[in-house]
Amino acid sequence: MKNSFYVFTFVMIAQIIFSGSSNLNAQGNFDFNTIVLTGESADNQFGNSVSGAGDINNDGFQDFIVGANFFGGARGKIYVYFGGSTIDNVPDLTFEGLTQGENCGYRVSSAGDVNNDGFDDFMASSVVFANHTGRVYIFLGGATPDNVPDIILNGFGADNNFGTSVSSGDFNKDGFDDVLIGARGENVNFTNGHAYLYLGGTVMDTIPDAVFNPASPQPGFGNSVSFAGDVNNDNYPDIIIGSSISEKAYIFFGGVAVDTTIDVTLTGNGGFFGNCVASAGDLNNDNYDDVAVGAENYNGLKGIVYLYYGGSSMDNVADDSLTGASDGRFYGSSISSADVDSNGYSDLLIGASGNPVNSAYLVYNYPEGEKKIKRYTEELFINYGLSVSFTGDLNDDGKTDFIIGASGYSGNTGRAFVYDGSQSIPSEIYIYVYAFMQGFYHAGINQQAGDTITVQIRSSTAPYAIIDSVITYLGTNGNNEANPGIRYLFPGSYYFVIRHRNALETWTSQPLTADKNGDLNVSLSSDSTEAYGDNEIRIDTSPLRYGLYSGDVNQDGHINLSDIVIVNNDGSNFLTGYVASDVNGDNVVDLVDALITYDNSTNFISVIKP
């Protein structure tokens, strides 16, 4: 499969505001930052399903597709948009379901390249077709692709719900991409679900080459299906199938011969585990692809996404998880993966479509499990995040772009938001700190006793939330140039806060921004005005230097009697070593420490912050 992003589809069982909007009937091109696409009329549910479509016309630009499954009285319609150096909001191809009420566009997806002709193909499902028999339309790409389905796959009887979910990949590694179709079964208990694999070929037929169906019925089986990447690194793509009512997900290893034997069973713990399954790419850069499983109803409908790392002997214990921020978020209602910043660690796009605060989260992954998360949202109550997908590089700028559906916008007219991936990538920032601690500083030699500090990185707007922090060593000359703190930060300005084991927490006077080289200087040493509220003390006159107030031994933000008591008690017990009550850093708690603390307490020294 030529695409470096993974697409899946699912079914639901139960700080950034972007400007600009457009209607499907409008004309014109847009600078690609955010494109807003709007459905044609109320109740269309445009954006119910969104997906990257690969490069349908092989022009070097990736394309994308949007479904509106209730268009035209639930006939359904799909919209295909070609990528380019500029992206417009006029669909290049559209297709309406062939029968009334079939819900065409219930799911849309790339089909890979099923006939290996160099043009990517795409597909759309109509899950309600013929009394919920269901069907899937496959459209072959080409230099001048059309809107006539080239292959139609039909379900297997009423209530099969064929097309509940769709995905593609090359299961047997023969150079032809294959199509995986989920069919969740009858509409009450979902007890007879299946998944069907169709192998690609020069002429792809309509007979499934494999049928996945557990020996004992698993309610919800086939509710979500996805190619999983290569979880065991045997060079064959694998698949994962969710069974959300029975709280399971099943992994089947790819190979030359198609085998329907379950290789790994993942078991959840409530919340409709398996409502969404997806490849997670390679999250930890170990050359084994990983998988993500959503449980959107977990813990008061907060939702959770479980991450399972691949390996030569993959187990069923989650290696990591990401949880929704509050009740009713449905975090994990949709998931997609790609390496957006090209650092070798796959990133995740996670939908949390629960109203009112429907959102999507872009999770960047870094070495040692470090993550940076950017939240996207739009209006309340519009099902934003119900479907999400990385799209590949739509405008050929070297960055992976993405799309988020919001089918509930404006009376279920629906919208889809297309985002330029280059606008959201964190940068590697080297944080250089220049600061002294009052008690540790020795004016006679113009040096201080070196010690570790914690640098908090906080939002520049109220309530000034902690974005990240780093521990670094501040040397005798008052800087950490030998070992700067390194963090990944989104573009923008941040307050920086210096914390030390017995110095007063001190904020920068204003938010700071990294320079073009990725260096950020946090200076609190040359003037008291560098600290918020001028909250520093002069510690030397030649050279002129300022330092953080010492004596906040209990780190409560105040230097007062409580700190004096701690120092006096420790001094009375002749305490030595690396302790908070050693205010001057000589490893002995004595009268000197008490005097520094007492002097600052008499001046009612406390933290000053925005």
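Under this note's numbering, the first residue of the sequence shown is numbered 6, with each subsequent residue one higher. Where is the CB? At the ideal position from N, CA and C, for every residue including glycine.
- Hey, how far is the Cα of Ser-131 from the Cα of Arg-80? 9 Å
- Query: What does a CB cutoff of less than 6 Å around Phe-127 pick up in its chain, not counting 5 residues either side in sequence?
  - Reply: The beta carbon of Phe-127 lies closer than 6 Å to those of Ala-58, Ile-70, Ser-115, Ala-116, Phe-144 in the same chain, with the five residues before and after it left out.
- Taking only the alpha-carbon atoms, compute the straight-line gap between Phe-258 and Asp-264 and give it to the nearest angstrom. Phe-258 and Asp-264: Cα-Cα distance of roughly 8 Å.
- Message: Within a Cβ cutoff of 7 Å, which residues of the same chain sit near Glu-510, ignoring the five residues on either side of it in sequence?
- Response: Val-502, Arg-504, Gly-562, Val-612
- Message: Nearest by alpha-carbon distance to Asp-239: which of Lys-178, Gly-349, Gly-190, Ile-245 is it?
- Response: Lys-178
- To the nearest angstrom, how far is it from the Cα of Phe-124 to the Cα of Ile-83? 19 Å
- Query: Do Val-438 and Ile-458 have their C-beta atoms closer together than 8 Å?
  - Reply: yes
- 7 Å Cβ shell around Asn-485 - same chain, five flanking residues per side excluded: Tyr-437, Val-438, Thr-477, Tyr-478, Leu-479
- Item | Counterpart residues of Ala-300 in DSSP-defined beta bridges | Ile-309
- Task: Work out the CA separation of Ala-440 and Ala-585 for me, nearest whole Å.
- Result: 19 Å
- Item | Other residues of its chain near Ile-542: CB distance less than 7 Å, five sequence neighbours each side excluded | Gln-443, Tyr-551, Gly-552, Tyr-554
- Query: Where does Asp-151 fall in DSSP's three states?
  - Reply: coil
- In terms of alpha-carbon separation, which member of Glu-252, Ile-267, Ile-250, Ala-188 lies closest to Asp-243? Ile-267
- Are the beta-carbon atoms belonging to Gly-390 and Ser-364 less than 8 Å from one another? yes
- Task: Quick one: using the 10 Å Cβ neighbour count with 16 as the cut-off for buried, is Gln-515 buried or exposed?
- Result: exposed
- Task: Use the C-beta contact count for Ile-571: other C-beta atoms within 10 angstroms, 16 or more gives buried, fewer gives exposed.
- Result: buried
- Contact between the stretch 196-213 and the stretch 156-172: three or more CB pairs below 8 Å? yes
- Check whether Val-119 and Met-209 have beta carbons under 8 Å apart: In this structure, the beta-carbon distance from Val-119 to Met-209 falls below 8 Å.
- Specify the secondary structure class of Leu-596 as computed by DSSP and reduced to three states. Leu-596: helix per DSSP, three-state reduction.
- Message: Contact between the stretch 421-428 and the stretch 36-53 is defined here as three or more beta-carbon pairs at a separation below 8 Å; is this criterion met?
- Response: yes
- Give, in chain order, every unbroken run of the beta strand (DSSP E) that is at least 3 residues long and sits entirely within the stretch 424-511. If only complete runs of 3 or more residues are kept, the stretch 424-511 shows the beta strand (DSSP E) at 432-439, 456-464, 471-479, 490-494, 499-505, in order along the chain.
- Alpha carbon to alpha carbon, what distance is there between Ile-472 and Lys-376? 11 Å
- Task: Pick helix, strand or coil for Ile-601, following the three-state DSSP scheme.
- Result: helix
- Residues sharing a beta bridge with Asp-401, DSSP: DSSP output for Asp-401 lists no bridge partner at all.
- Would a C-beta distance cut-off of 8 Å place Gln-50 and Asn-74 closer than the cut-off? yes
- Message: Beta-carbon within less than 6 Å of Gly-147's beta-carbon, same chain only, minus the 5 sequence neighbours each way: which residues are those?
- Response: Phe-124
- Message: Within a Cβ cutoff of 7 Å, which residues of the same chain sit near Ser-498, ignoring the five residues on either side of it in sequence?
- Response: Ser-465, Pro-516, Leu-517, Thr-518
- Mark Thr-405 as exposed unless 16 or more other C-beta atoms lie within 10 angstroms of its C-beta, in which case mark it buried. buried
- Mark Gly-299 as exposed unless 16 or more other C-beta atoms lie within 10 angstroms of its C-beta, in which case mark it buried. buried
- Query: In terms of residues, what are the limits of the alpha helix (DSSP H) holding Asn-108?
  - Reply: Neither: Asn-108 is in no alpha helix (DSSP H) and is coded neither H nor E.
- Item | As assigned by DSSP and simplified to three states, the class of Tyr-414 | helix
- Task: In angstroms with no decimal places, state the Cα-to-Cα distance between Glu-535 and Val-368.
- Result: 33 Å
- Which of the three DSSP states, helix, strand or coil, is assigned to Asp-325? DSSP places Asp-325 in strand when its eight states are reduced to three.
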